[in-house]
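Chemist:
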Amino acid sequence: KTLLTLDSVVKMLLRNACKLEPKITEYLQLFVASQAENTSGATVRLAGIEHRLKTRQSLRRKLERHLRKLIHSNRHNPYFTPTHEDILPLVSDVLRYTVVIDREHYTAVYESFRNQLVKSFGIAPEYIRSHSFWHKESHYYGITCDVTIPNRHDIRGSLKKLLPGEFTFELVFHTEESYHHNVTTFTVLKRVLESMPDGEAKVHLYRFVKKSWESVELPMPDPPGLESRPFQDLLLEQIDHVLAYQAHFLAVASGKSSDTTFRVAEDLCGRIIRGKDDHKDFEHLGFPRDKKLVWVAGPRLLQTGLEIARADPDDVPRRIADAIGYSAEEVRKLMAEGFTFKLVVFPKVFCKKADWKGLIRMSLIVYPLVASVLARHSKHLEEHSFAKLEAELQAAVG
86 KTLLTLDSVV KMLLRNACKL EPKITEYLQL FVASQAENTS GATVRLAGIE
136 HRLKTRQSLR RKLERHLRKL IHSNRHNPYF TPTHEDILPL VSDVLRYTVV
186 IDREHYTAVY ESFRNQLVKS FGIAPEYIRS HSFWHKESHY YGITCDVTIP
236 NRHDIRGSLK KLLPGEFTFE LVFHTEESYH HNVTTFTVLK RVLESMPDGE
286 AKVHLYRFVK KSWESVELPM PDPPGLESRP FQDLLLEQID HVLAYQAHFL
336 AVASGKSSDT TFRVAEDLCG RIIRGKDDHK DFEHLGFPRD KKLVWVAGPR
386 LLQTGLEIAR ADPDDVPRRI ADAIGYSAEE VRKLMAEGFT FKLVVFPKVF
436 CKKADWKGLI RMSLIVYPLV ASVLARHSKH LEEHSFAKLE AELQAAVG
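Read in order, the letters of the sequence shown correspond to residues 86 to 483 in this note's numbering.
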């Protein structure tokens, strides 16, 4: 469906949330009560339940921000028209809940909840996307779950009759300490952080936010899915690696360096993209521009990029062709038509592993209806690994 007005999306999301809210709230209340009874010594409660539905004004502001970004990223496409499918996956907290658990039972209660959610709602585990931020160096403590109730054809149980299509709600798991810090301190700092332009001042504030969590104790034992390193720290480190690669590439391409011992960091990815001299073609990783999912390569491609930078100009088309799977004749033809090729390098933290689980996770964000179909057949698909399919395809092509 074409997005007619922002208010139509707000109305649709709130309507679906109101349909589901009584059933989900009842389930959560029963779960919390059962955990308090069945887990010896556990303290479990729902916090801020009176704020479980996002207000119309807040939802509209959030959607407007996302819509502005979406339109800006497609500003050079005169035919781009936002659709409901484009914008609905961007908001997962129209309906949101917070579960507060004592520190000693936090991990056990969280795992029990996740298992019960799959059984009670009849949805596949792939529809529960958990983000665990419990790490002593993190800028936020807690586990956030985006729970997607899929198309009614893919769900068993009582929710099937309530919803004509897909809907996602949010669950956050806190300890008493982390919840208190989140409400009193982090929420304010986060708003300031999000409003700041990128730059050194924002990095300093991010580090201050991290330090503010130092007094909050971590659960025991460690929660599942714990970040081995906080995302932002990994990102900053990988950006340094991108800059180091860029400096070395430019030195090689300009003839200032002939060092062949440089090794690309394992936490970088890359993709060779094509476009006309007009910079608009190079604002996207894919061609055509409206691609939402693209394949990217690891350090091996970036090492090849350095070899291309050292190569004789007459040999460059062949080397590019080898890297992207084209023939040298195809690359030369594209160059004759005015196309140029660029190597894009970026941090690995933005990528997902190229397997069926990774594809389903990414599809849930940009192609939820496709993800619904893939998830139904995930067990069968996993019997055919990407490596096996690639080998079979190469053998068939010869």
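Every residue gets a Cβ at the ideal spot worked out from N, C-alpha and C, and that includes glycine.
1. Just to confirm my understanding: we take Leu248, look at its own chain, exclude 5 residues before and 5 after, and list those with CB closer than 8 Å. What are they?
2. Give the C-beta separation of Leu98 and Tyr182 to the nearest angstrom, bearing in mind that I take them to be a contact with Cβ-Cβ under 8 Å.
3. For His136, which three-state DSSP category applies?
4. Could you check which residue in Glu302, Tyr264, Ala481, Ser93 has the C-alpha nearest to that of His169?
5. On a CA-only basis, which of His465, Glu422, Ala127, Lys418 is nearest Trp441? Give me that one, please.
6. At a cut of 8 Å, does the region 346-363 reach the region 376-385 through at least three beta carbon pairs?
7. Could you tell me whether the Cβ atoms of Gln323 and Val349 are closer together than 8 Å?
8. How long is the line joining the alpha carbons of Lys361 and Tyr330, rounded to whole angstroms?
9. Please identify the residue among Ala408, Val379, Lys377 whose C-alpha is closest to the C-alpha of Glu392.
10. What do you get for Gln120, buried or exposed, if any count of 16 or more other CB atoms within 10 angstroms of its CB means buried?
11. With distances taken from CA atoms, which of Thr425, Lys377, Lys433 is nearest Asp325?
12. For Arg160 and Glu149, what's the separation of their Cα atoms in angstroms?
13. Do you know whose CA, among Ala460, Tyr411, Ile172, lies nearest His151's CA?
14. Please report the residue range of the alpha helix (DSSP H) in which Gly443 lies.
15. Please report the distance separating the alpha-carbon of Lys245 from that of Trp219.
16. Just to confirm my understanding: we take Pro308, look at its own chain, exclude 5 residues before and 5 after, and list those with CB closer than 7 Å. What are they?
17. Can you tell me whether His266 is helix, strand or coil according to DSSP?
18. How would you write the range of the alpha helix (DSSP H) that Tyr112 sits in, first residue to last?
19. With 16 as the cutoff for other CB atoms within 10 Å, does Thr345 come out buried or exposed?
20. Based on the DSSP output, what are the partners of Val429 in its beta bridges?
21. Would you say Ile186 and Phe116 are within 8 Å of each other, going by their C-beta atoms?
22. Under the three-state reduction of DSSP, which class applies to Leu256: helix, strand or coil?
23. Could you check the C-alpha separation between Met305 and Leu328 for me, to the nearest Å?
Modeler: Quick answer:
1. The predicted position of Leu248 is uncertain, since its pLDDT is 48 and thus under 50; a value taken from the coordinates is nonetheless stated next. Only Asn101, Lys104, Leu105, Ile234, Arg237 meet the Cβ criterion.
2. No, Leu98 and Tyr182 are not in contact; Cβ-Cβ is about 16 Å, not under 8 Å.
3. helix
4. Ser93
5. His465
6. yes
7. no
8. 25 Å
9. Ala408
10. buried
11. Lys433
12. 16 Å
13. Ile172
14. 441-451
15. A caution first: Lys245 carries a pLDDT of 46, below 50, which makes its placement in the model unreliable, though a value can still be read off. Answer to the nearest angstrom: the Cα atoms are 34 Å apart.
16. Tyr191, Thr192, Tyr195, Ser217, Trp219, Ile228
17. helix
18. 91-123
19. exposed
20. Arg356
21. no
22. strand
23. 39 Å
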